[in-house]
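Here's the structure we're looking at; comments come further down.
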Amino acid sequence: MSPARKRHRKKDAQEAPSPDRPLSAAERFQAFRDQQRFDASERAIFIESLGFRPDSFQVEAMEALEEGESVLVAAPTGAGKTVVGEFATHLAVAHQRRAFYTTPIKALSNQKFADLKERFGEGAVGLLTGDTSINPGAPIVVMTTEVLRNMIYAGTDLSALAYVVLDEVHYLADKFRGPVWEEVIIHLPEHVAIVGLSATVSNAEEFGAWMKEVRGSCRIIVSEKRPVPLYQHMIADGELYDLYSPTKDGKASPGRLNPELLSAVFNGRGSRTAAGGRMRGRSTFARKGRDEAGAAVARRFESRPAVAITLERAGLLPAIVFIFSRAGCEDAVRAMLASGIVLTSSTQSRKIRQEVEAASALIPVEDHAVLGVDRWARALERGIAAHHAGMLPVMKETVEKLFTQGLVKIVYATETLALGINMPARTVVIEALQKWDGSAHVPLSAGEYTQLSGRAGRRGIDTEGHAVVLHKGKVAPEEVSALASKRTYPLISAFHPTYNMVVNLLSHSTRAVTREVLETSFAQYQADGAVVQLAQSAKHVKRTMDELAGTLECDRGDAGEYFALRDEISRKQKEAKREAAASRKNEAARVLHDAKRGDVVSYRKGRRIQHAVVIDPIGMNSRQYGVQVIGTDGRWHHMGAEDVAGGITISGNIPINPVQLRKAKERAMLGAALRDLVSAGSLAVPGKRADGDDEVAHLERALRQHPVHQCPQRESHAAAGHAWARQKREYERLMRSIDGRTSSVAKSFDKVCQVLETLGFLSGDTVTPEGEKLRRIFGERDLVIAQAIRQGAWDACGPAELAAIASAFVYEARSEDSARIIPTSPGQQLAHAWDASLAAQAAVNGAEKAAGAEQSAPLEAGLMAPIYAWASGASLSTALEGSELQGGDFVRWVRQVCDLLDQLRFLEDADLEQRAKKARDLIMRGVVAWSGV
Numbered sequence: 000m001s002p003a004r005k006r007h008r009k010k011d012a013q014e015a016p017s018p019d020r021p022l023s024a025a026e027r028f029q030a031f032r033d034q035q036r037f038d039a040s041e042r043a044i045f046i047e048s049l050g051f052r053p054d055s056f057q058v059e060a061m062e063a064l065e066e067g068e069s070v071l072v073a074a075p076t077g078a079g080k081t082v083v084g085e086f087a088t089h090l091a092v093a094h095q096r097r098a099f100y101t102t103p104i105k106a107l108s109n110q111k112f113a114d115l116k117e118r119f120g121e122g123a124v125g126l127l128t129g130d131t132s133i134n135p136g137a138p139i140v141v142m143t144t145e146v147l148r149n150m151i152y153a154g155t156d157l158s159a160l161a162y163v164v165l166d167e168v169h170y171l172a173d174k175f176r177g178p179v180w181e182e183v184i185i186h187l188p189e190h191v192a193i194v195g196l197s198a199t200v201s202n203a204e205e206f207g208a209w210m211k212e213v214r215g216s217c218r219i220i221v222s223e224k225r226p227v228p229l230y231q232h233m234i235a236d237g238e239l240y241d242l243y244s245p246t247k248d249g250k251a252s253p254g255r256l257n258p259e260l261l262s263a264v265f266n267g268r269g270s271r272t273a274a275g276g277r278m279r280g281r282s283t284f285a286r287k288g289r290d291e292a293g294a295a296v297a298r299r300f301e302s303r304p305a306v307a308i309t310l311e312r313a314g315l316l317p318a319i320v321f322i323f324s325r326a327g328c329e330d331a332v333r334a335m336l337a338s339g340i341v342l343t344s345s346t347q348s349r350k351i352r353q354e355v356e357a358a359s360a361l362i363p364v365e366d367h368a369v370l371g372v373d374r375w376a377r378a379l380e381r382g383i384a385a386h387h388a389g390m391l392p393v394m395k396e397t398v399e400k401l402f403t404q405g406l407v408k409i410v411y412a413t414e415t416l417a418l419g420i421n422m423p424a425r426t427v428v429i430e431a432l433q434k435w436d437g438s439a440h441v442p443l444s445a446g447e448y449t450q451l452s453g454r455a456g457r458r459g460i461d462t463e464g465h466a467v468v469l470h471k472g473k474v475a476p477e478e479v480s481a482l483a484s485k486r487t488y489p490l491i492s493a494f495h496p497t498y499n500m501v502v503n504l505l506s507h508s509t510r511a512v513t514r515e516v517l518e519t520s521f522a523q524y525q526a527d528g529a530v531v532q533l534a535q536s537a538k539h540v541k542r543t544m545d546e547l548a549g550t551l552e553c554d555r556g557d558a559g560e561y562f563a564l565r566d567e568i569s570r571k572q573k574e575a576k577r578e579a580a581a582s583r584k585n586e587a588a589r590v591l592h593d594a595k596r597g598d599v600v601s602y603r604k605g606r607r608i609q610h611a612v613v614i615d616p617i618g619m620n621s622r623q624y625g626v627q628v629i630g631t632d633g634r635w636h637h638m639g640a641e642d643v644a645g646g647i648t649i650s651g652n653i654p655i656n657p658v659q660l661r662k663a664k665e666r667a668m669l670g671a672a673l674r675d676l677v678s679a680g681s682l683a684v685p686g687k688r689a690d691g692d693d694e695v696a697h698l699e700r701a702l703r704q705h706p707v708h709q710c711p712q713r714e715s716h717a718a719a720g721h722a723w724a725r726q727k728r729e730y731e732r733l734m735r736s737i738d739g740r741t742s743s744v745a746k747s748f749d750k751v752c753q754v755l756e757t758l759g760f761l762s763g764d765t766v767t768p769e770g771e772k773l774r775r776i777f778g779e780r781d782l783v784i785a786q787a788i789r790q791g792a793w794d795a796c797g798p799a800e801l802a803a804i805a806s807a808f809v810y811e812a813r814s815e816d817s818a819r820i821i822p823t824s825p826g827q828q829l830a831h832a833w834d835a836s837l838a839a840q841a842a843v844n845g846a847e848k849a850a851g852a853e854q855s856a857p858l859e860a861g862l863m864a865p866i867y868a869w870a871s872g873a874s875l876s877t878a879l880e881g882s883e884l885q886g887g888d889f890v891r892w893v894r895q896v897c898d899l900l901d902q903l904r905f906l907e908d909a910d911l912e913q914r915a916k917k918a919r920d921l922i923m924r925g926v927v928a929w930s931g932v
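Residue numbering for the sequence shown follows numbering that gives the first Met the number 0, beginning at 0 and increasing consecutively.
Listed below in structure tokens is the structure:
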């Protein structure tokens, strides 16, 4: 722990001076002066309006702001960080200046807009989000962070701006949106004070030191004290246990694990003999059976309805249950409805019904079925709800409102809730300590666990918060303890120069100056710090290399070179083996994917060649390459790519009737027919694939020709030689890392400039007319959009087609299997626009490859058909037919399409402006147009 962190922790814990010791005259005079200053300060006025006594970290942050400093406040969820942000808005009003309060998401902006209106009055507060503009000239304006970034690049007059609050500033670690926060911090005028509000991060001092370097001042204030104590629990076999042993005062505190919990977990996993004795010396299969039995018991006693009953009996509702899957959240609601559990009184149900009816009235009746409105309403009346991004905003916001009012008792939510709106609960339940990250199941990090459990405990309502993890026959108490006791949540910059950023900066600066500015980013600040550590590691490795080199003397030649060659051969052989295995599996997957019903496949399994007939070929949208086949034994088999990685080919065809194959007799006859074909020798055989590698063969020849290879003592030096070669490889890796981190942001900037110059958006340091258009396009595919417009890819598109093709530039599919069907349109304008857009993408990717720059994300056609149908007047259920999209996803993506269409209206192209406006009007209707503001 750093000294700064220790100082602030001590400050949180310190108590007032003992009243037993009388103050000296000097101390009394100092206290009098301090009180005078405080009474005359804006802090005193603001604190009096709060209605509660602020914590010491809040007071210190207010003091820093009033003294003209920027501040970084890092504190747990629910600790009251926003009080500091609201004080900044109070100062702006008091001094007749302006304050911008920025948030990462629209829901938070809406919530803060309502809070500040209540404090300052409707006329004093404005709102700016992607699709909403209310009172933008007000002294206090709430906005998303991207809106402020765009204002800075547009050259908006910010001379009256005194404070900018960056709520949830730890979002700068987000891969896609994070750079926006750094752009704002770097490019805001010097006179503006920044209020950074962050979750508890382990490197707050590092981040604050960077802010001080960039802004000139920044007071770092870290508080790890939760306003409501948090207690950790587990549910095992339907029983609720404290995670830790209780102390003398009867309360559990981090330390020794609860022996009752450990016993329950152990007994739950184990099985007992009829006499009650524990079986000893079980085999692996016995243990597996035991674990499966324990898991089955856990499933029964830790089902979602059972967990809800356990929480209710323990007085731990309302609760948020985090499930890392949208489908899981909906399944939980279905299970609760099926169980018949009711968590509300008749009075509460009536109040809920009124809110539900008001919200349902905003959704067209014909769309109720596809959105599951009936089930949503029935669950809410029982005090049960789901909350995830796939829900319509009106449905999600109704859940939030009812939960905040205490009417909804249990919400099954995805982890996005932990990062969003203010919706605390008495209890947080975490169903699993693993989540799907889009490509694999990964363990929950300590930071993520802290973020989720931080929702537990409502300030001013609960005296305690509770975090509960389900055992489910596999989660060990030690795992939970490791996550609960660890507070490692470092803030890692995701900053990188983008095309839009570069043209905006170069529009009023030179490359040399812009490069210097970008090197002040937090990303480069962290990289420079890492270089020092890497250099120390490289120095240590070099010393070890030199020591080992002394043992490699050989009168035949350079022993170091010889063993480095052996090490490289070993590495290349392993790489070649992995690549060959992957290649064979990919080839097998391709063959299975192309196989049709009745095809005979011949495949190599070990040394034998086997044969089968394909009965059920793979579907186009299947997530796995696998087919159902009948073998020469006349039996069903499932065949996946991993089963036939030794080689496979389609070697013939037998006409079949799948209906007849339901009978065992027909399957046996098919097996016999297949054996006849094999006996006749008429089936092709998959060839053996050589795993040879020309590069490895060349290295092996070089090794045999090396003079040290003939040394009779060479193997006596092998251990030291291979150790030296490993150290050499590690040293080279460290040096590459050092080189990559040194001026890494500037190198990335140079590559971006090269791409822009190749495509004609830059000419030296000058932004071309096409580059001026790029300045107004914001998004992950900004350059591809600008290139498509430049090439006239969308010139023939009408408004509906323009909305559809625009979706391909903002949409990101949640799975690789999303539909990629291009909808038909009159005259095939949309198909032509898609082909022309792909050509624009190819031009950009070609320039990026030549410059060594990161490739722009590929276009996604998965939203085009729903958007085109919606723009053509279809109902929501019709638009989503055949799509994997949920209602809430569709609304969210349509709004992003609207944002892009808005940008197209300001490119000084009258025809495009008119079509973009019409396109926006076509899709901004119905449930999409509904707004909670």
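All residues carry an ideal CB built from backbone N, CA and C; glycine is no exception.
Asked, Found
"So the candidates are Ile653, Leu547, Gly778, Lys408; which of them puts its Cα closest to the Cα of Ala719?", "Leu547"
"Ends of the beta strand (DSSP E) at Trp435?", "433-435"
"Just reading off the beta strand (DSSP E) that Ala466 is part of, what are its end residues?", "464-469"
"From Pro857 to Ser681, what distance separates their C-alpha atoms?", "45 Å"
"Examine the Cβ distances between the stretch 724-738 and the stretch 536-546 and report whether three or more of them are shorter than 8 Å.", "yes"
"Could you say which of Tyr152, Glu356, Val612 lies nearest to Lys595 if we only look at CA atoms?", "Val612"
"Just curious, the alpha helix (DSSP H) that Pro178 is in, first and last residue?", "177-186"
"Among residues of its own chain, excluding the 5 on either side of Glu665, which ones have a beta-carbon nearer than 6 Å to its beta-carbon?", "Gln659"
"Expressed to the nearest angstrom, what Euclidean distance is found between the alpha-carbon atoms of Val407 and Tyr240?", "25 Å"
"Threshold first: 3 residues or longer. Then list the beta strand (DSSP E) segments lying entirely within the stretch 452-527, N to C.", "464-469"
"Tell me, to the nearest whole angstrom, how far the beta carbon of Lys111 is from that of Thr102; I am working on the premise that it is less than 8 Å.", "6 Å"
"Are the Cβ atoms of Glu756 and Ser747 separated by less than 9 Å?", "no"
"Within the same chain, show all residues whose beta-carbon is closer than 7 Å to that of Ala722, passing over the 5 residues directly before and after it, in chain order.", "Leu547"
"Note the first and the last residue of the continuous beta strand (DSSP E) segment covering Val613.", "607-615"
"Tell me which residues share the same chain as Glu779 and place their Cβ nearer than 7 Å to its Cβ, disregarding the 5 neighbours each side in the sequence.", "Phe175, Ala856"
"Where Ser197 and Leu782 are concerned, what is the direct C-alpha to C-alpha distance, given to the nearest angstrom?", "32 Å"
"What residue from Leu157, Ile234, Ser359, Arg894 has the CA that sits closest to Tyr810's CA?", "Arg894"
"Thr497 to His89, Cα distance in whole Å?", "35 Å"
"Taking the DSSP output, what are the residues bridged to Glu238?", "Ala235"
"Look up Lys940 in the DSSP assignment and say whether it is helix, strand or coil.", "No answer is possible for residue 940: it lies beyond the span of the chain, which begins at 0 and ends at 932."
"Kindly confirm or deny that the stretch 212-230 and the stretch 500-511 touch, where touching means at least three C-beta pairs closer than 8 Å.", "no"
"For Leu443 and Gln433, what's the separation of their Cα atoms in angstroms?", "5 Å"
"Evaluate the contact criterion for the stretch 341-349 versus the stretch 451-459: three or more CB pairs, one atom per stretch, below 8 Å.", "no"
"Using the DSSP secondary-structure output, state which residues sit across from Ile220 in a beta bridge.", "Val72"
"Let me know the secondary structure DSSP gives Gly651 once reduced to three states.", "strand"
"By DSSP's criteria, Gly630 is part of a beta bridge. Which residues make up the other side?", "Ala611"
"Gly472: which of Arg570, Cys328, Ala431 sits nearest, CA to CA?", "Ala431"
"Please determine if the stretch 871-882 and the stretch 827-838 are in contact, where contact requires at least 3 C-beta pairs separated by less than 8 Å.", "no"
"Which of helix, strand or coil does DSSP assign to Met335?", "helix"
"Using three-state DSSP, classify Ser158 as helix, strand or coil.", "coil"
"For Val428 and Val306, which I take to be in contact (beta-carbon distance under 8 Å), what is that distance rounded to the nearest angstrom?", "7 Å"
"From this set, Ser492, Glu380, Val355, which residue's C-alpha is nearest Val179's C-alpha?", "Ser492"
"Residues bridged to Met150 by DSSP?", "Answer is none; Met150 lacks a bridge partner."
"CA-CA distance, Ala297 and Gly453?", "Confidence at Ala297 is low in this model, with a pLDDT of 46, below 50, so the placement of that residue is unreliable and no value is reported for it."
"Have a look at the DSSP bridge pairing and note the partners of Leu361.", "Answer by DSSP bridge pairing: none, since Leu361 is not bridged."
"Below 8 Å, how does it come out for the stretch 388-403 and the stretch 882-892: are there three or more Cβ pairs, yes or no?", "yes"
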